[in-house]
Amino acid sequence: MFRLVPLLSLLFLISCGNPTRNDSAIVEVEEGTAVPATEVVVPPEKPDAPTADPVAELEGFWVGDFENADEEGKSLYVDEGFYWNRTNKINISLDQIAEGKVTGHSVVAGNDRPFGGTYTAASGGGYTFTVREPGDDRYDGTFSFTVKDDLLSGTWEAYKDIDISKRTYTLEKKAFTYNPDVMLEYNTAFVDWTKSVEKTSTYDMGDEVEEWVTTQFATATDLIYELNASNELLNKSEVENLKRGDLTIIRNTIYARHGYSFKNRPLRLFFDKQEWYIPVHADIRADFTEIEKQNIKLLLKYEKNAAEYYDSFGRG
Amino acid sequence: MIKRILSYQSLLKLSAAAVLAYFTWLMLLITWQYIPVRFDVAFLKLKEPIAYRHYQVAFFGHVYTSIVVLICGIPQFSQRLRLRWPAVHRWAGYAYVGLILLVAAPAGLVMALYANGGWSAQLSFVLQAVLWFWFTYRALRAIRKGRVGEHRDFMLRSFALTLSAISLRLFKWGIVALFAPPPMDTYRIVAWAGWLVNLGLAELWIYYRIDHHLKI
Chain A
2 MFRLVPLLSL
12 LFLISCGNPT
22 RNDSAIVEVE
32 EGTAVPATEV
42 VVPPEKPDAP
52 TADPVAELEG
62 FWVGDFENAD
72 EEGKSLYVDE
82 GFYWNRTNKI
92 NISLDQIAEG
102 KVTGHSVVAG
112 NDRPFGGTYT
122 AASGGGYTFT
132 VREPGDDRYD
142 GTFSFTVKDD
152 LLSGTWEAYK
162 DIDISKRTYT
172 LEKKAFTYNP
182 DVMLEYNTAF
192 VDWTKSVEKT
202 STYDMGDEVE
212 EWVTTQFATA
222 TDLIYELNAS
232 NELLNKSEVE
242 NLKRGDLTII
252 RNTIYARHGY
262 SFKNRPLRLF
272 FDKQEWYIPV
282 HADIRADFTE
292 IEKQNIKLLL
302 KYEKNAAEYY
312 DSFGRG
Chain B
119 MIKRILSYQS
129 LLKLSAAAVL
139 AYFTWLMLLI
149 TWQYIPVRFD
159 VAFLKLKEPI
169 AYRHYQVAFF
179 GHVYTSIVVL
189 ICGIPQFSQR
199 LRLRWPAVHR
209 WAGYAYVGLI
219 LLVAAPAGLV
229 MALYANGGWS
239 AQLSFVLQAV
249 LWFWFTYRAL
259 RAIRKGRVGE
269 HRDFMLRSFA
279 LTLSAISLRL
289 FKWGIVALFA
299 PPPMDTYRIV
309 AWAGWLVNLG
319 LAELWIYYRI
329 DHHLKI
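Going line by line, the protein sequences match chains A and B. In case it helps, the numbering used here puts the first sequence at residues 2 to 317. In case it helps, the numbering used here puts the second sequence at residues 119 to 334.
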């Protein structure tokens, strides 16, 4: 009888699956960031007609927190230092303001939505706007805001009954220029995820943030503040010793520099905390420099390998 | 009279055999990734020299023969096999020795020169390939001259290096699980530990004549 013990344990181990490779490993590349095989032709933007109306000075990007107005809303706690009530960084772009009419678009959480509406001069100074999104997207709604003293503040209400149907915001005007030299800031106000992972608790939010924090961010090192994948070609020796979290963050920092608006919730949370980061586009496929294209390819190669083989019984 | 069926020793041996069988199974799974011949799978994705013809020959020669070497080597340490079916021991032995000397060790040496991890890992793999060849050759020469004790000792050393295929991967798994160091640091550590630990254990085994005590 005892002789069967080793044999049975062997059969048990074999039936447990294949520890030589992590088959469920996923390296996420969002559609809007995929490096195209062929060049994407982007039609040149029409130059704005010159205008003398002072309200036209409000044209541009207004950036800030798109806050959950519902106090009962779902939120995320990480340690004591971090509390996320599902605020996202939003960019309300006022594209054309003239003769009582305004057109523009908003970029938030990977959504780039157009809007159009009207404005009037407010009684206490400034202007009051009411603009509507088309309504063919589940997350469309109406913005009502006032621009006064260099601040754009107001509310947004969804047409449909969605998770968070009312938002508030106070935004500042910001200019966006692609800067390949900008680096991640070591923000001290930012939570040290590595220390607080065990205390992470999520409330009815799925496990994606927690999962990302433990498998990605917690494994990142200070190299994410040193390596720049936009302004110099990385070589094999710089990349081969990077951990998975480093690889993911360094690659996604390329996207953030181009103003990519992340659909992925943990990445969005991470980059929203960067002062310089402005969500501008939901699609940056045509924007990469040659250096970035090559670095993305290299980083992805090692990232996939790390995901599949780093903690497996094997070489990788 | 002690019932042989409950013998502590036989249970130990059976367990060791089961552990070896399990890891050999994992090595089979790893080898399976490289069938049919493809240059863009698993470990090869990070190997630039795979573009060279001689590296391709060395890599696939090493991978396909080493799994056979491992499987041929396992039963050789059974006293029962050697006594009851000496011909099986002999022919499995010829396969083991022939594949190492003609293919697996020379191919391993070529691969060692291109190893990831810089000079340290390369030196480790070069040494390992040379010693693997040397121990195996000495074991062959000893048995051709009828020196059984010397044959046994060198085969123990040779097989210790054969098993580094398993121990290197096992150490890597353990180090990552415990300390999660950066991948290339891990690789440099296991490049050395993977065979030095085994060879050290083999030397202890030989020095203390453990096989005599265990009647293997």
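Where a beta carbon is used, it is the ideal one built from N, C-alpha and C, also for glycine. This structure is a prediction, so every number in the text was calculated from the model and none was measured.
{"Item": "CA-to-CA distance, lysine 302(A) to alanine 134(B), given in whole angstroms", "Value": "38 Å"}
{"Item": "Contact set for threonine 147(A): own chain, Cβ-Cβ below 8 Å, skip 5 residues either direction", "Value": "Ala123, Gly127, Tyr128, Thr129, Phe130, Leu153, Ser154, Gly155"}
{"Item": "Contact check, aspartate 91(A) vs phenylalanine 177(A), beta carbons under 8 Å", "Value": "Strictly speaking, residue 91(A) in this sequence is isoleucine, with aspartate absent from that position. Result no, Cβ atoms of isoleucine 91(A) and phenylalanine 177(A) do not sit closer than 8 Å."}
{"Item": "Asparagine 306(A) - DSSP class collapsed to helix/strand/coil", "Value": "helix"}
{"Item": "Exposure of glutamate 309(A), with buried meaning 16 or more beta-carbon neighbours within 10 Å", "Value": "buried"}
{"Item": "Counterpart residues of threonine 121(A) in DSSP-defined beta bridges", "Value": "Thr129(A)"}
{"Item": "For tyrosine 120(A) and isoleucine 93(A), believed in contact at Cβ under 8 Å, the rounded distance", "Value": "13 Å between Cβ atoms; not a contact."}
{"Item": "Whether lysine 305(A) touches proline 300(B) by CB criterion (8 Å)", "Value": "no"}
{"Item": "Residue burial classification, proline 267(A) (beta-carbon count within 10 angstroms, cutoff 16)", "Value": "buried"}
{"Item": "Spatial distance of glutamate 29(A) from arginine 275(B) (CA atoms)", "Value": "46 Å"}
{"Item": "Interface partners of glycine 136(B) on chain A, CB under 7 Å", "Value": "Note that residue 136(B) is alanine in the sequence shown here, rather than glycine. Those are Pro7, Leu8, Ser10, Leu11, listed as they occur along chain A."}
{"Item": "Own chain residues within Cβ distance below 7 Å of tyrosine 261(A), not counting five before or after", "Value": "Gly33, Thr34, His282, Ile285"}
{"Item": "Boundaries of the alpha helix (DSSP H) in which aspartate 303(B) is found, first to last residue", "Value": "301-325"}
{"Item": "Closest Cα partner of asparagine 180(A) within the set Glu293(A), Thr104(A), Arg139(A)", "Value": "Glu293(A)"}
{"Item": "Which listed residue (Pro115(A), Val183(A), Asp151(A)) has its alpha carbon closest to that of glutamate 276(A)", "Value": "Val183(A)"}
{"Item": "Within-8 Å CB hit, arginine 252(A) to chain B", "Value": "no"}
{"Item": "Opening and closing residue of the alpha helix (DSSP H) in which alanine 335(B) lies", "Value": "Residue 335(B) lies beyond the residue range present for chain B, which begins at 119 and ends at 334; the question has no answer from this structure."}
{"Item": "contact_flag[the region 284-298 of chain B, the region 257-271 of chain B] where n(CB pairs < 8 Å) is 3 or more", "Value": "no"}
{"Item": "Contact with chain B by aspartate 138(A), beta-carbon distance below 8 Å", "Value": "no"}
{"Item": "Unbroken beta strand (DSSP E) run spanning aspartate 71(A), endpoints", "Value": "From DSSP, aspartate 71(A) is part of no beta strand (DSSP E); its letter is neither H nor E."}
{"Item": "Bridge partner(s) assigned by DSSP for lysine 174(A)", "Value": "Trp63(A)"}
{"Item": "Limits of the unbroken beta strand (DSSP E) element including aspartate 247(A)", "Value": "Here aspartate 247(A) belongs to no beta strand (DSSP E); instead the alpha helix (DSSP H) covers 245-258."}
{"Item": "Beta carbon of threonine 169(A) nearer than 8 Å to that of glutamate 158(A)", "Value": "no"}
{"Item": "Given 8 Å, three or more beta-carbon pairs between the region 247-255 of chain B and the region 219-228 of chain B", "Value": "yes"}
{"Item": "Start-end ranges of the alpha helix (DSSP H) lying completely within the region 271-297 of chain B, minimum 4 residues", "Value": "282-297"}
{"Item": "For aspartate 96(A), the first and last residue of its enclosing beta strand (DSSP E)", "Value": "89-99"}
{"Item": "Backbone secondary structure at aspartate 24(A) - three-state DSSP", "Value": "coil"}
{"Item": "Serine 242(B) at chain A interface by Cβ criterion, 8 Å", "Value": "no"}
{"Item": "Nearest-angstrom beta carbon gap, alanine 239(B) and alanine 233(B) [assumed within contact, 8 Å]", "Value": "5 Å"}
{"Item": "Same chain, Cβ closer than 8 Å to threonine 290(A), neighbours up to 5 away in sequence not counted", "Value": "Pro181, Ser231"}
{"Item": "Three-state secondary structure (DSSP) of lysine 298(A)", "Value": "helix"}
{"Item": "Delimiting residues of the alpha helix (DSSP H) encompassing leucine 235(A)", "Value": "Note, leucine 235(A): premise wrong, no alpha helix (DSSP H); not H, not E."}
{"Item": "Chain-ordered chain A contacts of lysine 163(B) [CB-CB under 7 Å]", "Value": "Lys302, Asn306"}
{"Item": "Closer than 7 Å: tyrosine 278(A) CB and nearest the ligand GTP heavy atom", "Value": "Of ligands this structure carries none, so the ligand GTP is not represented either."}
{"Item": "Closer than 8 Å to chain A by CB, isoleucine 148(B)", "Value": "yes"}
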